[in-house]
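Enquirer: Structure incoming, see below.
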Amino acid sequence: MVGVPVEMNRERFEELVGEALDEVPAELLGLMSNVVILVEDDSPAGEPELLGLYEGHALTSRGWDYSGVLPDRIFIYRRPILRICDSDEDVVDEIAVTVVHEIAHHFGIDDERLHALGWG
1 MVGVPVEMNR
11 ERFEELVGEA
21 LDEVPAELLG
31 LMSNVVILVE
41 DDSPAGEPEL
51 LGLYEGHALT
61 SRGWDYSGVL
71 PDRIFIYRRP
81 ILRICDSDED
91 VVDEIAVTVV
101 HEIAHHFGID
111 DERLHALGWG
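Residue numbers for the sequence shown follow my numbering, so the first one is 1 and each next one is one higher.
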């Protein structure tokens, strides 16, 4: 049986992203550098199932010449997440997983390792 997507306004969704970030240990957040987290309604064209995306230079790939660049961006996509969830609790869980997954990319952890750790 296919569930009905959860309906949730952008404001509430953004609050849940903020709450997910509050759950990330402060020590880890303190290590993040030159990155911004954004909520978008839709994923990029052609990728309707993408829940989040990290764009930038992972901390592990930044060298001595890393300077004067725009902030890295972590996108959390509202509608794709809502489409796969059956309840508000599912949304909370999926946002948490997506936020952790994309932050991990900022630290240079790839998808294969994330899947092995259960954050895929």
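Don't be surprised by glycine CBs; every beta carbon is placed ideally from N, CA and C. These figures come from a predicted structure and were not determined experimentally.
Who are residue 81's beta bridge partners in DSSP?
Expert: Residue 81 is not bridged to any residue.
Enquirer: Please work out which residues of its chain come closer than 7 Å, Cβ to Cβ, to residue 77, disregarding the five sequence neighbours upstream and downstream, and give them in chain order.
Expert: Excluding residues within five positions, the ones whose Cβ falls inside 7 Å are 40, 42, 43, 50, 51, 52.
Enquirer: Let's test the definition: count the other Cβ atoms within 10 Å of the Cβ of residue 48 and tell me whether it reaches 16, buried, or not, exposed.
Expert: exposed
Enquirer: Would you list the residues sitting across from residue 36 in a DSSP beta bridge?
Expert: 73
Enquirer: Per DSSP, which one or two residues make a beta bridge with residue 54?
Expert: 74
Enquirer: With residue 65 as the anchor, note down where its alpha helix (DSSP H) starts and where it stops.
Expert: First-last for residue 65: undefined, no H or E at that position.
Enquirer: Can you tell me whether residue 103 is helix, strand or coil according to DSSP?
Expert: helix
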